[in-house]
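Novice: Read left to right, the sequence shown gives residues 1 to 208 (our numbering). For each residue, glycine too, the CB sits at the ideal point set by N, CA and C. The structure's right below; bear with me while I get my questions together.
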Amino acid sequence: MLFIFYFIILQSRLPLSNQKIKNNAMKPFLAFLCLLSVATTEAQTQTPQPSPGASVSSVVGITDVRIDYFRPRARGRKIFGEGDNFLVPYGKIWRTGANSGSKITFSDDVKVQGVAIPKGEYLIFTWPGAAEWAVSIYKDVKLGGHTAEYDASKEAAKFTVKPVKLGKKTETLTFSISDISEDNTSGTVQLAWENTAVEFTISVKNKK
């Protein structure tokens, strides 16, 4: 913008005859500069993402466990419940977050809720319910959040867990890894949002 301002000042100091010639020649150039200025301003204007990315990690035994996910906010909406009035209806598959879903990574072979799972990257899919949730550890991370293309044959594990009502509302979807056992062979993954939380256990070896 400063460049355009200085250019206009210089133009005003030219003789009138020269100004007419220069103005006709410079109109396309000035239009380009204006467009460039608008584009630069828009690029510099940043707004918060509705579902920002987040990650949580912990070492359980000698195994690195990491969860990468996107954190939607409740924003006054009804989250879990029966029927389509809820953002995440009971009994329907959920990508467990926003955008491309939630990915969990293990640096070594583990057991999730007692089911053996090789080291690697997996997606977490869930089917919320009033009395229990189904949780899937899914092999094909390329699927992302495309639940319509879910293929049960690509499940590394699938199990059910009991939901817990929270005493305090959790506005933003939050994963945590905690409750590392005294012998350092297990930990708990918790997912919490709105007034509901579910947990599952990861078991590992504490030595090679």
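#1: In three-state DSSP terms, what is Leu143?
#2: Please report how far the alpha carbon of Lys158 lies from the alpha carbon of Ile93, in whole angstroms.
#3: Can you tell me whether Ala116 is buried or exposed? The criterion is at least 16 other CB atoms within 10 Å of its CB, across all chains shown.
#4: To the nearest angstrom, how far is the alpha carbon of Tyr150 from that of Gly101?
#5: Cutting at 7 angstroms between CB atoms, please list the residues of its own chain near Pro118, excluding the five before and the five after it.
#6: At which residues does the beta strand (DSSP E) containing Asp68 begin and terminate?
#7: Are the beta-carbon atoms of Thr170 and Trp193 separated by less than 8 angstroms?
#8: Excluding the five sequence neighbours on either side, which residues of its own chain have a C-beta within less than 7 angstroms of the C-beta of Glu121, listed in chain order?
#9: Do the CB positions of Val198 and Trp127 come within less than 8 angstroms of each other?
#10: Is the beta carbon of Phe86 less than 8 angstroms from the beta carbon of Lys78?
#11: What's the call for Lys168, buried or exposed, on a 16-neighbour Cβ count within 10 Å?
#12: Grab me the residues of Ser181's own chain with a C-beta within less than 8 angstroms of its C-beta, minus the 5 sequence neighbours each way, in chain order.
#13: For Ile62, does the count of other Cβ atoms within 10 angstroms reach 16, so buried, or fall short, so exposed?
#14: Using the beta-carbon count (16 or more within 10 Å), is Pro52 buried or exposed?
#15: Is DSSP giving Ser181 helix, strand or coil here?
#16: In the DSSP assignment, what residue or residues form a beta bridge with Gly53?
#17: Excluding the 5 residues flanking Glu42 on each side, which residues of the same chain have their C-beta closer than 6 angstroms to its C-beta?
#18: Helix, strand or coil: which one does DSSP assign to Ala192?
#19: Indicate whether at least one CB of chain B lies closer than 8 angstroms to the CB of Tyr150.
Specialist: Result, derived from the coordinates:
#1: Taking the sequence shown and counting its residues from 1, one reaches residue 143 at position 143. Leu143: helix per DSSP, three-state reduction.
#2: As a working note, residue 158 is residue 158 in the sequence shown. As a working note, residue 93 is residue 93 in the sequence shown. Using only the alpha carbons, I get a separation of about 13 angstroms.
#3: As a first step, residue 116 must be located in the sequence shown, where it is residue number 116. Exposed, since its Cβ has fewer than 16 Cβ neighbours within 10 Å.
#4: Residue numbering aside, residue 150 sits at position 150 when the sequence shown is read from its first letter. Residue numbering aside, residue 101 sits at position 101 when the sequence shown is read from its first letter. Taking the straight line from one Cα to the other gives about 13 angstroms.
#5: For the purposes of this step, residue 118 is taken as residue 118 along the sequence shown, with counting starting at 1. Taken in chain order, the residues that qualify are Asp109.
#6: Looking up residue 68 in the sequence shown gives position 68. That run of the beta strand (DSSP E) goes Thr63 to Phe70.
#7: Taking the sequence shown and counting its residues from 1, one reaches residue 170 at position 170. Taking the sequence shown and counting its residues from 1, one reaches residue 193 at position 193. Against a cut-off of 8 angstroms, the Cβ pair of Trp193 and Thr170 comes out as a contact.
#8: Here residue 121 is taken as the residue at index 121 of the sequence shown, counted from 1. Excluding residues within five positions, the ones whose Cβ falls inside 7 angstroms are Lys103, Thr105 and Val141.
#9: Here residue 198 refers to the residue found at position 198 of the sequence shown. Here residue 127 refers to the residue found at position 127 of the sequence shown. In this structure, Trp127 does not lie closer than 8 angstroms to Val198 by Cβ.
#10: On the sequence shown, residue 86 is found 86 positions in, with the first residue counted as 1. On the sequence shown, residue 78 is found 78 positions in, with the first residue counted as 1. For Phe86 and Lys78, yes; Cβs fall inside 8 angstroms.
#11: Mapped onto the sequence shown, residue 168 falls at position 168. The residue is exposed, with fewer than 16 neighbouring Cβ atoms inside 10 Å.
#12: Looking up residue 181 in the sequence shown gives position 181. Counting only Cβ-Cβ distances below 8 angstroms, and skipping sequence neighbours, we find Gly187.
#13: Counting from one through the sequence shown, the residue named residue 62 turns up at place 62. Per the 10 Å Cβ criterion, exposed.
#14: As a first step, residue 52 is located in the sequence shown; it is residue number 52 there, counting from the start. That one is exposed.
#15: Locating residue 181 in the sequence shown gives position 181, counting from the first residue. Ser181 falls in the coil class under three-state DSSP.
#16: On the sequence shown, residue 53 is found 53 positions in, with the first residue counted as 1. DSSP output for Gly53 lists Phe70 as bridge partner(s).
#17: Along the sequence shown, read from residue 1 onward, the residue named residue 42 stands at position 42. Here the model assigns Glu42 a pLDDT of 48, short of 50, so the residue's position is not dependable, and the following value carries that caveat. Result list for Glu42: empty, nothing under 6 angstroms.
#18: Indexing the sequence shown from 1 puts residue 192 at position 192. When secondary structure is reduced to three states using DSSP, Ala192 falls in the strand class.
#19: The question asks about chain B, but that chain is absent: this structure has only one protein chain.
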